[in-house]
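One point on numbering: in our numbering, the residue at position 32 of the sequence shown is 561, and numbering is uninterrupted. First up is the structure itself, then whatever we jot down about it.
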Amino acid sequence: MSQSSCVSEETTYFDLHTQGLGYLNRIREVTPSRGKSFLACTIAALNGPTQAPEYRYFDVIVCGAEAQQLVNRYANAVNRGQKVLMGFRLGDLWTDLFRYNRGEKAGKTGVSLKARLLFVSWVKVDGKLVYQARPKVDSEEAEAPHPADAPATAESI
Numbered sequence: 530m531s532q533s534s535c536v537s538e539e540t541t542y543f544d545l546h547t548q549g550l551g552y553l554n555r556i557r558e559v560t561p562s563r564g565k566s567f568l569a570c571t572i573a574a575l576n577g578p579t580q581a582p583e584y585r586y587f588d589v590i591v592c593g594a595e596a597q598q599l600v601n602r603y604a605n606a607v608n609r610g611q612k613v614l615m616g617f618r619l620g621d622l623w624t625d626l627f628r629y630n631r632g633e634k635a636g637k638t639g640v641s642l643k644a645r646l647l648f649v650s651w652v653k654v655d656g657k658l659v660y661q662a663r664p665k666v667d668s669e670e671a672e673a674p675h676p677a678d679a680p681a682t683a684e685s686i
């Protein structure tokens, strides 16, 4: 006879995270025709040489209570036209095709980068540091990148 065991298998995932810094824009509450409403925003992420950066735009769903609280906290600053720069971590990156309706690209297909905003590490408003996440003291320290591999931080900007 075979012996059966009662082992519960836990699903594990491969995480793909994008980490960087960028400007917070277009904060909005989205109410889909089906499902629950959610907080969304656009992040204009900086990419390339610091002397002449380019921007990569991410339309993100803000996930987690802490990230939602921070985005809502600085919504008024964004609406007033202040520059809100933040360090971020995105997850579950995907693309969405759309068709331009107006302008010189009308009728052409465009691609939108989508993701989930998982974590905000720091926030600067008009160059002044107004929020810094508390460092985690756990096994993540052992997996921290070497200084040469580390992304730009609030202090280096």
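Where a beta carbon is used, it is the ideal one built from N, C-alpha and C, also for glycine. It should be emphasised that the depicted structure is a prediction, and the values quoted were computed from it without experimental measurement.
Expressed to the nearest angstrom, what Euclidean distance is found between the alpha-carbon atoms of residue i and residue j?
i	j	result
Y547	W623	The amino acid at residue 547 is misidentified as Tyr; the sequence shows Thr. Going from the Cα of T547 to the Cα of W623 covers about 12 Å.
F627	S566	21 Å
R631	N554	21 Å
R564	Q580	According to the sequence as given, residue 564 is Gly; it is not Arg. If I take the Cα positions, the gap works out to 43 Å.
E633	P664	47 Å
K637	V666	49 Å
G610	V600	15 Å
T571	E595	17 Å
Count the other CB atoms, across all protein chains shown, that sit within 10 Å of the CB of residue i; report buried if there are 16 or more and exposed otherwise.
i	result
F587	buried
R557	exposed
E670	Note that E670 scores a pLDDT of 49, beneath 50, so its modelled location is shaky and nothing firm can be said.
T541	exposed
E538	exposed
H675	Low per-residue confidence applies at H675: pLDDT is 49, beneath 50, and the placement is therefore not dependable, though the value from the model is reported in the following sentence. Classification for H675: exposed.
Y629	exposed
A635	exposed
G551	buried
Enumerate in chain order the residues of its own chain whose CB-to-CB distance from residue i is below 8 Å, with the five nearest sequence positions on each side excluded.
i	result
W651	M615, G616, L658, Y660, Q661, A662, T682 and A683
N576	G549, P582, E583, Y584 and R585
CB-CB under 7 Å to residue i, same chain, minus the five flanking residues each way: which ones, in chain order?
i	result
L619	H546, T547, F587, V589, A644, R645, L646 and L647
V640	T624 and L626
Y603	L553, V613, V652 and V654
G593	L647
D621	A644 and R645
Find out if the Cβ-Cβ distance for the pair residue i, residue j is shorter than 7 Å.
i	j	result
K612	D544	no
Y584	A569	no
Q597	V591	yes
Per DSSP, residue i forms a beta bridge with which residues?
i	result
G551	A574 and M615
Q661	W651
A569	R557 and I590
T638	R628
R645	I590 and G620
E538	Paired residues: none, contrary to the question.
R585	A574
In its own chain, which residues sit with a C-beta less than 6 Å from the C-beta of residue i, not counting the 5 before and 5 after it?
i	result
T560	S566
A606	V613 and V654
For residue i, decide whether its Cβ has a neighbour in chain C, counting only Cβ atoms nearer than 7 Å.
i	result
F617	The chain labelled as chain C is not found in the depicted structure, where only one protein chain is given.
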